[in-house]
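Enquirer: I have a structure I would like to understand better, so I am pasting it below and will then ask my questions one at a time.
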Amino acid sequence: MRNALGLMLASVVAAVVIAAGGWFYYSSRADQAAPKTIAARAADPLPAQAKLAAKDDVAIPAAIAAKPAAAAPAPAPAPMPVQQKSTCANPNALGVSRVVEIDTTGGPGFGFDHFKQFDFLTDKEVVLTFDDGPGPVNPPAVLKALADECAKGLFFSVGKHATYHPEILRQVLAQGHTVGTHTWSHVNLNGKKMTEQMAKDEVEKGISAVKYALGTNPAPFFRFPQLQHNPAIVSYFGTRNVAMFSTDIDSFDFRKGATPEKIIETVMTRLDKLGKGIILMHDFQKHTGEAMPALLARLKAGGYKIVQMKAKTTLQSLPEYDEALLKDLKVPTSSARPIGSVVQTVSQ
8 MRNALGLMLA SVVAAVVIAA GGWFYYSSRA DQAAPKTIAA RAADPLPAQA
58 KLAAKDDVAI PAAIAAKPAA AAPAPAPAPM PVQQKSTCAN PNALGVSRVV
108 EIDTTGGPGF GFDHFKQFDF LTDKEVVLTF DDGPGPVNPP AVLKALADEC
158 AKGLFFSVGK HATYHPEILR QVLAQGHTVG THTWSHVNLN GKKMTEQMAK
208 DEVEKGISAV KYALGTNPAP FFRFPQLQHN PAIVSYFGTR NVAMFSTDID
258 SFDFRKGATP EKIIETVMTR LDKLGKGIIL MHDFQKHTGE AMPALLARLK
308 AGGYKIVQMK AKTTLQSLPE YDEALLKDLK VPTSSARPIG SVVQTVSQ
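Residues 8 to 355 (our numbering) are what the sequence shown spells out, left to right.
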């Protein structure tokens with residue numbers, strides 16, 4: 008009996024020992040296989056620049072921030088409107104060699120008779136400029152000569168003349184020429200009795216009149232009558248961002264005794280000497296219209312090229328002068344709007 012009891016007790020002890028050994032073996036294997044974990048440390052502080060970005064930007068959940076979505080491509084800039092190149096019926100036309108765009112900020116000046124800063128023309132390049140129009144007879148002759156040679160010019164319109172013949176001035180613009188201003192009544196702004204306010208009124212009323220005639224803003228280009236540069240107005244144009252034009256070559260087509268032949272010789276003699284330049288003519292003069300076809304032919308034969316000047320922006324008239332002009336012209340307020348803002352073709 009004792010032997011049997013002892014045998015049973017020995018069996019139990021052996022089983023316990025075996026079980027304990029097995030547990031120790033498997034637990035030690037598990038300790039070797041499982042990686043030890045450590046407590047996560049606080050994130051490093053953001054650099055100053057990153058803190059600023061985090062403050063300025065919209066907060067993003069950490070899960071998204073860890074794997075940001077691919078950034079959408081930036082939208083392509085809107086294309087600049089493509090200007091259709093006008094067709095020219097004359098295959099041997101003088102045409103326009105290049106077009107320059109003028110940033111008139113601060114009131115730059117052009118034409119070496121008075122302004123020496125901007126020498127933008129290269130050898131054999133000319134700019135055709137015309138003062139004093141529009142009118143019913145002579146300016147159309149100038150326009151026809153330019154159209155026949157597909158050439159472009161810069162027209163400085165007298166405000167009063169613009170109100171007399173707005174249809175002619177609109178034709179100038181419609182044919183692709185640049186339209187600037189030349190005061191209201193072509194008065195000398197350096198006259199003895201001319202005050203600064205009177206000079207400003209002449210300038211601004213002329214701008215309003217040209218805008219009224221065109222039905223749109225003119226270019227911020229101005230030429231002083233008789234090339235008399237009033238110092239106060241020169242400074243004023245700096246605040247209005249209006250470019251001022253003098254000349255390099257004066258045709259003197261306004262002088263008594265001027266003929267088409269004299270005009271051409273005056274221009275070409277001076278031009279051949281300088282090699283380039285801004286040419287001053289007057290579309291209001293009869294002999295200028297008569298001289299234009301032969302003058303353009305001489306320019307072409309001499310290897311000269313036409314440069315057209317355009318402005319980066321237009322010139323906004325001042326409302327008080329717009330109102331004063333309409334009162335002077337006795338124009339009903341209802342008709343002051345350009346036809347394009349009243350009547351539009353919606354289907355054709």
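Backbone N, C-alpha and C define an ideal beta-carbon position, used for all residues, glycine too. Please read all numbers here as calculations on a predicted model, not as lab measurements.
1) Take A206 and list the residues in its own chain whose beta-carbon comes closer than 8 Å to its own, dropping the five residues that flank it on each side.
2) For G296, collect the residues of the same chain with a Cβ closer than 6 Å to its Cβ; drop the 5 residues on either side in sequence, then sort them by chain order.
3) Would you identify the three-state DSSP class for S348, choosing helix, strand or coil?
4) CB-CB under 8 Å to T185, same chain, minus the five flanking residues each way: which ones, in chain order?
5) Can you give, in chain order, each stretch of the beta strand (DSSP E) that sits fully within the stretch 174–203 and has at least 3 residues?
6) With a Cβ-Cβ cutoff of 9 Å, do R247 and G114 count as a contact?
7) In terms of residues, what are the limits of the beta strand (DSSP E) holding L388?
8) On the DSSP bridge assignment, give the partners of L135 in chain order.
9) Counting only the same chain and skipping the five closest in sequence on each side, list residues whose C-beta sits under 6 Å from that of C95.
10) Use the C-beta contact count for A181: other C-beta atoms within 10 angstroms, 16 or more gives buried, fewer gives exposed.
11) How far does the beta strand (DSSP E) with S164 in it extend, from its first residue to its last?
12) Hey, out of E203, G309, I313, M251, whose CA is closest to F125's CA?
13) Taking only runs that begin and end inside the stretch 255–343, name each unbroken beta strand (DSSP E) of 3 or more residues, in chain order.
14) From what residue to what residue does the alpha helix (DSSP H) around A154 run?
15) Excluding the 5 residues preceding and the 5 following H172 in the sequence, name in chain order all residues of the same chain whose CB lies nearer than 7 Å to its CB.
16) Can you tell me which of the three DSSP states A220 falls into?
17) Taking DSSP as the reference, what is the three-state secondary structure of G210?
18) Pairs of beta-carbons, one from the stretch 304–315 and one from the stretch 100–114, closer than 8 Å: are there three or more?
19) Just to confirm my understanding: we take L303, look at its own chain, exclude 5 residues before and 5 after, and list those with CB closer than 7 Å. What are they?
20) Does the beta-carbon of Q235 have 16 or more other beta-carbons within 10 angstroms, so that it is buried, or is it exposed?
21) Among D120, L325, T188, which one has its Cα closest to the Cα of T170?
22) Looking at the structure shown, is A96 part of a helix, part of a strand, or coil, going by DSSP?
23) Leaving out five residues before and five after L325 in sequence, what residues of the same chain have Cβ atoms less than 8 Å from its Cβ?
24) Where do the ends of the alpha helix (DSSP H) carrying V241 lie?
25) Would you list the one or two residues that DSSP bridges to R105?
26) Figure out for me which residue from E268, S242, E272, P267 has the closest Cα to the Cα of I256.
Expert: Taking the coordinates as given:
1) L196, N237, A239, I240
2) N145, A148, V149
3) helix
4) K159, G160, L161, F162, A226, F228, Q315, M316, K317, A318
5) 185–188
6) yes
7) Absent from the structure is residue 388, since the part of the chain shown begins at 8 and ends at 355.
8) I286
9) C157
10) exposed
11) 161–164
12) M251
13) 284–289, 312–318
14) 145–155
15) P141, G142, P143
16) helix
17) First, the residue type needs correcting, since residue 210 is Val and not Gly in the sequence shown. Three-state result, V210: helix.
18) yes
19) L101, A152, E156, A158
20) exposed
21) T188
22) coil
23) E211, I214, S215
24) 238–247
25) V314
26) E272
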